[in-house]
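Worksheet for the structure shown next.
Chains as they are written, first to last, in my numbering: chain A, 160 to 642; chain H, 446 to 541; chain Z, 43 to 439.
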């Protein structure tokens with residue numbers, strides 16, 4: 160399949176980019192591995208007749224009106240249930256190697272998408288730091304609880320604890336409570352109360368504050384206990400989680416008080432987000448590591464252009480900051496891609512993106528604020544037991560990781576080779592940031608000095624049969640006119 | 446625990462037992478809705494796993510479906526007549 | 043899997059002086075350090091990064107006699123395989139040593155005839171080889187393609203987990219008194235006709251002798267020390283599948299593997315190599331090309347490897363690849379290892395150029411190095427491996 164602009168990721172950023180490029184006259188292919196558009200925050204119901212449950216999206220329900228145009232736009236071809244497993248330059252543009260992702264892809268996905276420009280809108284993955292008992296069935300990420308609710312109208316349990324850190328905890332808990340779950344408490348590790356009063360910057364985002372206050376009020380009405388400065392220390396149970404152990408923590412997440420044990424049958428936990436970088440790296444885009452967080456962000460200029468000409472990035476990939484930032488950046492990225500494809504001249508580009516710069520600046524400011532409000536503490540390292548699993552896929556224990564780190568200057572590639580961390584099915588998506596963080600802390604090195612596990616030459620598992628048949632030839636000279 | 450109302454259902458088998466779930470369910474939701482929280486044993490420790498990230502990234506929720514081994518239960522929709530079995534965390538399903 | 047690792051000695055400053063400095067903490071360096079320490083020599087192992095940070099980490103862990111044409115390397119390989127078995131006994135399972143045997147397959151009758159002739163010649167050199175016809179091949183490997191006419195089984199081929207093996211050797215060497223210093227890059231050597239010290243990024247080490255086991259970087263290291271070693275990186279790719287039950291019993295490869303190794307072409311040459319691991323994954327190789335130190339895998343190469351592997355094991359068509367990576371083999375101009383004294387700098391010894399056979403040949407290499415440094419009778423004829431033969435070939439003697 161040949162197109163002008165390929166957008167990978169159909170969350171708010173990708174949808175906005177696709178619309179901006181298509182509105183400028185481009186042929187656009189919008190790709191996502193999920194079965195429908197929306198990404199995480201605007202996740203749609205997958206059940207026929209199932210209502211698209213609000214579950215916490217800021218718009219209060221479904222897709223925001225401006226994004227609904229994606230479905231019928233004549234310039235946008237939707238490729239849902241499709242994963243990109245490899246990408247690189249081809250001819251004067253790029254080739255994306257695709258495979259059906261199992262998420263109900265209909266028919267045969269095109270094997271390759273050749274595009275003049277690419278917009279990377281691949282979002283972020285959830286960060287969960289390990290703790291004793293985190294592998295018990297019933298312990299899931301906050302995103303999983305939300306996805307189950309919105310897409311499948313299914314509750315993960317009857318008595319659900321929500322814990323961790325970050326702005327996702329409140330909306331997830333509120334969504335669960337609205338659906339009739341008994342939320343056994345919301346425990347936020349950050350000392351968010353004292354911090355809010357100390358940050359005048361929060362006053363510049365009254366809408367966000369009001370939103371958070373709305374969730375808190377909804378939970379208070381439902382008599383759901385919400386606490387700040389408390390961390391989930393352990394989960395216990397035989398074949399599934401049966402109780403959660405919480406402790407007061409200081410600013411570094413070190414236990415500073417007695418534990419409270421709460422009976423539960425499910426736990427939704429989240430410690431933040433990490434931008435997904437495998438596609439951007441495959442396309443040669445430069446990214447910059449964060450100082451305090453085991454993550455990196457794709458470097459973009461004022462037009463959302465990456466260091467690779469013709470590749471643009473928007474949304475969480477350039478910095479975790481939520482839907483508003485993603486939509487603003489997506490609009491600029493889509494217009495810039497259209498400009499690269501020759502559909503817009505400079506005047507046309509400026510007309511479509513005027514006023515975005517200031518708004519994007521404010522959105523990025525809010526993203527930076529979030530990072531300061533919800534820092535990652537290191538106290539959880541002290542809570543790990545020798546046999547606590549740190550790599551879920553390969554069942555690698557904490558004592559094996561510390562043993563490997565004791566052997567020398569621990570770049571993550573060597574640590575991975577010695578312990579098998581990151582070698583399993585998920586290829587380091589879950590354990591990578593954790594191992595990076597632990598390696599840096601335990602050896603006294605900077606977070607950006609130990610390497611990371613974000614580079615994946617095979618982005619998503621693909622069969623040897625599909626790999627053997629991959630089209631590595633030159634892109635055809637004549638564009639396809641069919642969908 | 447499924448919060449949806451009445452509607453079309455699909456029938457499938459898990460580990461030999463006959464179960465049903467609302468149409469449009471993923472295998473993960475179908476199993477969780479039937480009170481089943483784990484459907485995989487890890488290779489090294491033999492510990493039970495089920496849903497974790499819910500969005501197709503962590504690969505914890507692998508399950509065997511018909512002839513296909515180790516598919517992500519949170520991504521695959523359950524279909525009428527599916528024969529679903531616990532995964533042993535390998536990409537191979539022995540013919541019984 | 044218990045990982046035997048040295049204590050955090052590598053973080054300490056290197057000593058001001060050492061009897062012998064070994065450069066490179068990959069498998070060859072680790073084996074040399076272990077052999078020298080066992081012989082009572084004072085050893086300091088240095089590496090610019092840390093243990094197994096280079097080529098060893100990308101190796102499949104092969105200990106092969108099957109892929110050696112009759113000649114000096116085959117003799118070295120036989121001896122080395124025996125030494126590996128002794129080490130494995132001492133290590134009591136710590137590096138997953140397995141004598142699984144190798145199977146070489148032919149795609150057609152012409153290849154089979156050539157393969158059988160090679161096998162007979164190898165037998166004359168002491169290599170065990172069992173000829174297999176079609177049914178014999180399928181008895182050895184039930185999932186192999188039914189279209190293959192036959193092959194040869196080599197029972198002496200073994201496999202290890204190379205990172206664990208190197209780590210164990212370093213731990214044992216350390217236990218016997220060897221110093222380990224990581225993050226120490228070689229900057230220069232002191233002494234003109236004879237090496238007297240090594241200057242590293244972590245300090246100066248006075249040395250009586252130096253062993254250069256820096257793999258594909260050993261040419262660079264030799265130059266910094268005032269010597270000369272024409273070693274180039276020869277890039278290879280590996281595909282790693284999802285975990286599987288043990289469906290593939292041996293290391294299985296195509297009979298044109300040997301010609302690929304011996305070729306001098308700069309273009310990528312692929313030859314299928316397929317084997318299972320204890321971890322359950324199947325490793326698929328191989329490719330050879332001169333591409334500097336470029337770490338980005340080439341999709342056309344991966345595609346070719348996948349096609350060749352599925353031709354030998356059709357069931358692999360439905361098996362998923364989880365990752366791919368590249369490694370750099372240290373290649374010498376005549377494809378033989380380079381083991382022995384540098385031609386211009388006394389006290390500088392090289393142990394490199396193993397080009398994809400380093401893991402298998404490490405113990406015998408270490409044994410030879412130890413003998414040369416002690417001035418005792420070498421266990422094998424050192425002449426074919428001597429650096430001097432390369433200098434002669436280049437007209438630099």
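Even for Gly, the Cβ is constructed at its ideal location relative to N, Cα and C.
- If you check each beta-carbon in the segment 539-554 of chain A against every beta-carbon of chain Z, the ones closer than 9 Å belong to 553.
- Against chain H, the CB of residue 629 of chain A has no partner CB under 8 Å away; the residue lies outside that interface.
- Between residue 160 of chain A and residue 278 of chain A, the CB-CB gap reaches or exceeds 8 Å.
- Here residue 389 of chain Z is near residue 250 of chain Z, since their CB atoms are less than 8 Å apart.
- Of A/618, A/598, A/507, A/611, the smallest CA-CA separation from residue 184 of chain A is found for A/507.
- Excluding five sequence positions before and after residue 419 of chain Z, the CB atoms of its chain that fall closer than 8 Å to its own CB belong to 413, given in chain order.
- For residue 205 of chain Z, the uninterrupted alpha helix (DSSP H) run begins and ends at 204-217, by DSSP.
- Residue 60 of chain Z and residue 144 of chain Z have their alpha carbons spaced roughly 41 Å apart.
- Taken in chain order, the members of the segment 519-537 of chain H whose beta-carbon sits within less than 7 Å of a beta-carbon on chain Z are 534, 535, 536, 537.
- For residue 511 of chain A, the enclosing alpha helix (DSSP H) starts and ends at 505-512.
- At a cut-off of 4 residues, the continuous stretches assigned as alpha helix (DSSP H) that sit fully inside the segment 396-483 of chain A are 437-441.
- Counted as a single uninterrupted DSSP element, the beta strand (DSSP E) harbouring residue 175 of chain Z occupies residues 172-175.
- If you draw a straight line from the Cα of residue 398 of chain A to the Cα of residue 547 of chain A, it comes to about 16 Å.
- Here residue 520 of chain H carries a coil assignment [DSSP, helix/strand/coil].
- Cβ contact annotation for residue 346 of chain Z (same chain, cutoff 7 Å, sequence separation greater than five): 312, in chain order.
- As for any alpha helix (DSSP H) of minimum length 4 sitting wholly inside the segment 458-511 of chain H, the runs are 472-478, ordered along the chain.
- In this structure the segment 309-320 of chain A does not lie against the segment 363-381 of chain A, because fewer than three pairs of beta carbons, one per stretch, are closer than 8 Å.
- Look at the beta carbons and you see the segment 599-612 of chain A touching the segment 571-587 of chain A: at least three pairs across the two are nearer than 8 Å.
- Note on geometry: alpha-carbon atoms of residue 147 of chain Z and residue 156 of chain Z lie some 11 Å from one another.
- The three-state secondary structure of residue 182 of chain A, taken from DSSP, is helix.
- Between the alpha carbons of residue 509 of chain A and residue 520 of chain A lies a gap of roughly 17 Å.
- Residue 538 of chain H and residue 489 of chain H have their C-alpha atoms roughly 18 Å apart.
- A check of alpha carbon separations from residue 163 of chain A across A/333, A/540, A/236 identifies A/236 as the nearest.
- Taking the Cα of residue 434 of chain Z as reference, the smallest distance to any Cα among Z/271, Z/314, Z/289, Z/284 is reached at Z/271.
- Bounds of any alpha helix (DSSP H) do not take in residue 244 of chain A; it lies within the beta strand (DSSP E) bounded by 241-249.
- The shortest CA-to-CA distance from residue 191 of chain Z to any of Z/107, Z/297, Z/397 is the one to Z/297.
- Taking a C-beta cut-off of 7 Å against chain H, the contacting residues of the segment 291-308 of chain A are 294, 296, 297, 299, 300, 302, 303, 306, 307, listed in chain order.
- For residue 490 of chain H, none of the residues of chain Z pass the 9 Å Cβ criterion, the least Cβ distance being about 12 Å.
- Between residue 404 of chain Z and residue 63 of chain Z, the C-beta spacing is not below 8 Å.
- Fewer than three Cβ pairs drawn from the segment 463-473 of chain H and the segment 525-540 of chain A lie within less than 8 Å of each other, which leaves the two stretches out of contact.
- Membership of residue 525 of chain A in the alpha helix (DSSP H) is indicated by the continuous run 515-532.
- Within the model, the alpha-carbon separation for residue 468 of chain A versus residue 496 of chain A is close to 10 Å.
- Distance from the Cα of residue 113 of chain Z is smallest, within the candidate group Z/431, Z/427, Z/436, Z/432, for Z/427.
- Excluding five sequence positions before and after residue 565 of chain A, none of the CB atoms of its chain fall closer than 8 Å to its own CB.
- If you draw a straight line from the Cα of residue 79 of chain Z to the Cα of residue 445 of chain A, it is about 45 Å long.
- In this structure, the CA atom of residue 181 of chain Z is about 25 Å from the CA atom of residue 102 of chain Z.
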